[in-house]
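> Below you'll find the structure I mean.
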Amino acid sequence: MPQPTRRDRADAIRFLSIDAVQKANSGHPGMPMGMADIAEVLWHDFLKHNPQNPGWANRDRFVLSNGHGAMLLYSLLHLTGYDVSIEDIKQFRQLHSKTPGHPEYGETPGVETTTGPLGQGLGNAVGMAIAERHMAATFNRPGFSIVDHYTYCFVGDGCLMEGISHEVCSLAGTLGLGKLIVFYDDNGISIDGDVHGWFKDNTPMRFQAYGWHVIPQVNGHDSEALRKAILDAQAVTDRPTIICCKTTIGWGSPNQAGTAGVHGAALGEKEVAAVRTHLNWPHEPFVISEDIYSSWDARRNGAALENEWLALFNRYQDHYPELAEEFVRRTEGRLPGDWDWQANELLQSLNEKKQTVATRKASQYCLDKYANVLPEMLGGSADLTESNCTNWQGMQVFSSDAPAGRYIHYGVREFGMSAIMNGMALYKGIIPFGGTFLTFSDYARNAIRLAAIMRQRVIYVYTHDSIGLGEDGPTHQPVEHLPSLRLMPNLSNWRPCDTVETAVAWRAAIERSGPTCLMLSRQALPFQERNAVQLSLIQRGGYILLDSAEDRYPDAIIIATGSEVALAIEAAKKLKAEEIYVRVVSMPSTDVFLSQDEEYREAVLPGSVMAKVAVEAAASSDWYRFVGTQGRVIGIDRFGASAPAKDVFRDCGITVEQVVAMTKEVIYSVASAAHHFHAKCASG
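Per our numbering: the sequence shown ends with 684, consecutive numbering throughout.
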């Protein structure tokens, strides 16, 4: 009996894809049909992976950046032996299936990252390639290359049209990431049709300008040409490679191949039947012959590859036991055994020093400690290192010549930086953080969103967190950013008021299984005195910092964050002089506070105290859930102004005097409402 051919294996991808899309009556069959031949060569001949252990540390990483073609990946996972059954394939795009409409990390074994928003998978792949290079430089020793693999990425025209592709590919070329190999599906078609009406870039020349190794004009349906191109790519070790593959979208469809109609819709039963006839595919929908399954099955070879690596790692462990232990700790995501002690020591030190500094500077104090006790921390900034204070004592810059370095100069690439950090976090063994001004989180927002969807430990250092940055004016002064980031599920946000809260915020971010934003001030903020109990409660997101009412319910509660905590404290002191007793609640993290038990939340913000005021130099609407309908919010529902910070705060009404006046007003309003209510009840 003849053995299955390359075309047989590629057609298995095609028909699983078109059958699944047809059954769902939803999806994108064109790309899987067009890239099946490329995928067959890469996955059958080159990809180093073990379907029985998708998390094997030394596997090649495969990223499907053009994630709308998800059925290509699901077909490959099913055929090579991952825990993706034919029933899973049949449930494509159905509720809670292993085969959602775009690849989702954590939902499907073998999916390395969530893709779909075009270009971001490419950014993730750059991050994975950086992580591989860094981990290899950190842990490999002569004769022991325990980190030695490739990162492969599929991209389409849409990925390369997205601006993020420029950001990440420019940086990848600068960093000389020789283990990154990208396959460009040059089919000339997007949803709107022939791309030449809006995309005439000379892609090979573009990537040559980035410093990439470029292999142009490869026939994406010629297996031998593809195989040669991959070998050529692997032979170049000092630059990333792009293999430009000329393909036909919907290859094999006699009536729709090469058209936009095959891009994002089911072919229809008539055309599916025509494809079967055209390609001489004898099987019913979702039927793959045993000989093709056997030809695709990668489990035995994958297990052998991993066992070979395990033998190498065991010898490495004998020669370098401390390095081996550290490698395992980092790839498993465990913090060092003395982490609690180190973090507590920093907290106590900052509490004793009582420094009045900007929280961006307080963050740098934290990095001086944390980055030197956590070698897995790898940081950077989008060309704002000195402003973000993301550098630390003793750091070394990551570069093509110094891949063991732990600081990346990302350049002015906020979106690219964030997608790259996602890739590093997904790789494992690294805790990435990156800095820019808070207002520029807008550029990065969709990558932040994907980090939240994937629950990856990525830390965003957002400085210049309010109108407090002053003279740069409204373009640089964030107003709506704090509440908008708080709206994002799975994203934690901290806006600390001083050095101590900053240390707690950093610790929470490091310990969290998910992304965190740290909003930090440019201007100096006064240290706040706390007792031991208050110190222990910061980690709960909100706590009583001052209670001038002492043993009774306060007349009012002022809630504040960041730079406005000092205003609230000063206002409380002025109110006490007038025998108005106020509680000040510092709430550096609303999401962490809201996750506390009801008893704690009620103890801090009792419902019986109706007079509540929230003060924060940001859009106000987010705070009404805390102050209620009778409370007041002192915020900024306009854009700022260009002037020294103190003048902008005064112009925007964020002052001690305004907090005092608003607190009196809400106390009077609540008392008046209660009086009218009781009078009405008394009158029947």
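Beta carbons are placed, not taken as given, at the ideal position from N, Cα and C, and that holds for glycine.
So, helix, strand or coil for Pro32, using DSSP?
Helix at Pro32.
> For the candidate residues Glu132, Gly156, Tyr210, Val328, whose alpha-carbon lies nearest to that of Thr174?
Closest option to Thr174, Cα to Cα, is Tyr210.
> DSSP puts Cys244 in a beta bridge; with which residues?
Cys244 is bridged to Tyr184.
> For a test of your reading of the model: does the CB of Ala362 fall under 7 Å from any non-hydrogen atom of the ligand GTP? Yes or no.
As for the ligand GTP, it is missing from this structure, which has no ligand bound.
> I believe Ala560 touches Leu567 by the beta-carbon criterion, under 8 Å. Please report the beta-carbon distance rounded to the nearest angstrom.
Indeed, because the Cβ distance is near 7 Å, the residues count as touching under 8 Å.
> Applying the criterion that 16 or more other CB atoms from any shown protein chain within 10 Å of the CB defines a buried residue, is Ser492 buried or exposed?
By the neighbour-count rule (16 or more Cβ atoms within 10 Å), Ser492 is buried.
> Tell me which same chain residues have a C-beta within less than 6 Å of the C-beta of Arg632, skipping the five on either side of it?
The answer, listed in chain order, is Val613, Met662, Val666.
> Using DSSP with H/G/I as helix, E/B as strand and the rest coil, what is Ala257?
Residue state, collapsed to three classes: coil.
> Please report the residue range of the beta strand (DSSP E) in which Thr701 lies.
Outside the displayed span of the chain (1 to 684) sits residue 701, for which this structure offers no information.
> In three-state terms, what does DSSP make of Thr516?
Three-state DSSP puts Thr516 in a strand.
> Excluding sequence positions up to five away, which residues of its chain have a Cβ less than 6 Å from the Cβ of Thr241?
Ile181, His213, Ala233, listed in sequence order.
> Quick check on the DSSP output: what are the complete alpha helix (DSSP H) runs of length 4 or more inside the region 123-204, in order along the chain?
If we require 4 residues or more, the alpha helix (DSSP H) runs fully inside the region 123-204 come out as 157-161, 163-175.
> Going by DSSP, what residue range makes up the beta strand (DSSP E) through Gly434?
That run of the beta strand (DSSP E) goes 431-437.
> Should the region 516-523 be regarded as contacting the region 463-481, the criterion being three or more beta carbon pairs within less than 8 Å?
Segments in contact, yes.
> Can you give me the Cβ contacts of Ala20 inside the same chain, cut-off strictly under 6 Å, excluding the 5 residues immediately before and after it?
So the list reads Met71, Ile89, Phe92, once near-sequence residues are dropped.
> Closest to Thr108 by CA distance: which of His96, Leu118, Trp309, Ser484 is it?
When only C-alpha atoms are compared, the closest one is His96.
> Looking at the structure shown, is Asn446 part of a helix, part of a strand, or coil, going by DSSP?
Three-state DSSP puts Asn446 in a helix.
> Among the residues of its own chain, which have a CB less than 6 Å from the CB of Gly69, if the five just before and after it don't count?
Closer than 6 Å at Cβ, skipping near neighbours: His28, Met31, Pro32.
> Work out the CA separation of Ser294 and Lys23 for me, nearest whole Å.
Each residue's Cα considered, the two are about 25 Å apart.
> Do Trp296 and Ala12 have their C-beta atoms within less than 8 Å of each other?
Yes, these two residues count as a Cβ contact at 8 Å.
> Can you tell me whether Tyr370 is buried or exposed, with buried defined as 16 or more other CB within 10 angstroms of its CB?
With 16 or more other Cβ atoms within 10 Å, it is buried.
> Are the region 536-551 and the region 374-389 touching by the rule of at least three beta carbon pairs closer than 8 Å?
In short, these stretches do not touch, since the Cβ pair count stays below three.
> Could you spell out where the beta strand (DSSP E) holding Ala693 opens and where it closes?
Outside the shown range of the chain, which is 1 to 684, sits residue 693, and nothing can be said about it.
> Of all the options Ser170, Tyr581, Glu167, Gly158, which has the alpha carbon lying nearest to the alpha carbon of Asp185?
Asp185 has its Cα closest to that of Gly158, out of Ser170, Tyr581, Glu167, Gly158.
> For Thr114, which residues from the same chain have a beta carbon less than 6 Å from its beta carbon, with the 5 sequence-adjacent residues on both sides left out?
If we look at Thr114 and ignore the five residues flanking it on each side, its Cβ neighbours are Glu104, Tyr105, Leu450, Ile453, Met454.
> Suppose you measure from the CA of Val659 to the CA of Ser165; what does that come to, to the nearest Å?
Each residue's alpha carbon lies about 47 Å from the other.
> Contact between the region 588-607 and the region 435-443 is defined here as three or more beta-carbon pairs at a separation below 8 Å; is this criterion met?
Cβ pair count under 8 Å is below three, so no.
> So, helix, strand or coil for Gly302, using DSSP?
Of the three classes helix, strand and coil, the one that applies to Gly302 here is helix, per DSSP.
> Tell me the DSSP secondary structure of Pro216 in three-state form.
Of the three classes helix, strand and coil, the one that applies to Pro216 here is strand, per DSSP.
> In whole angstroms, what separates the C-alpha of Glu414 from that of Gly123?
Each residue's Cα considered, the two are about 12 Å apart.
> Which runs of the alpha helix (DSSP H), 4 residues or longer, sit entirely within the region 529-603?
Here the runs fully enclosed are 532-537, 564-577, 590-594.
> Using the beta-carbon count (16 or more within 10 Å), is Ile636 buried or exposed?
With 16 or more other Cβ atoms within 10 Å, it is buried.
> Thinking just about the alpha-carbon of each residue, which of Gly416, Pro588, Phe62 is nearest to the one in Ala503?
When only C-alpha atoms are compared, the closest one is Pro588.
> May I have the straight-line CA-CA distance separating Phe677 from Ile431, to the nearest angstrom?
Since pLDDT at Phe677 reaches only 48, below the 50 mark, its modelled position is unreliable, and no value is offered.
> Tell me, please, which residues DSSP counts as bridged to Met377.
In DSSP, Met377 forms a bridge with Ile431.
> Taking the alpha helix (DSSP H) that Val227 belongs to, which residues open and close that run?
In the sequence on display, residue 227 carries Arg and not Val. Per DSSP, Arg227 belongs to the alpha helix (DSSP H) from 223-235.
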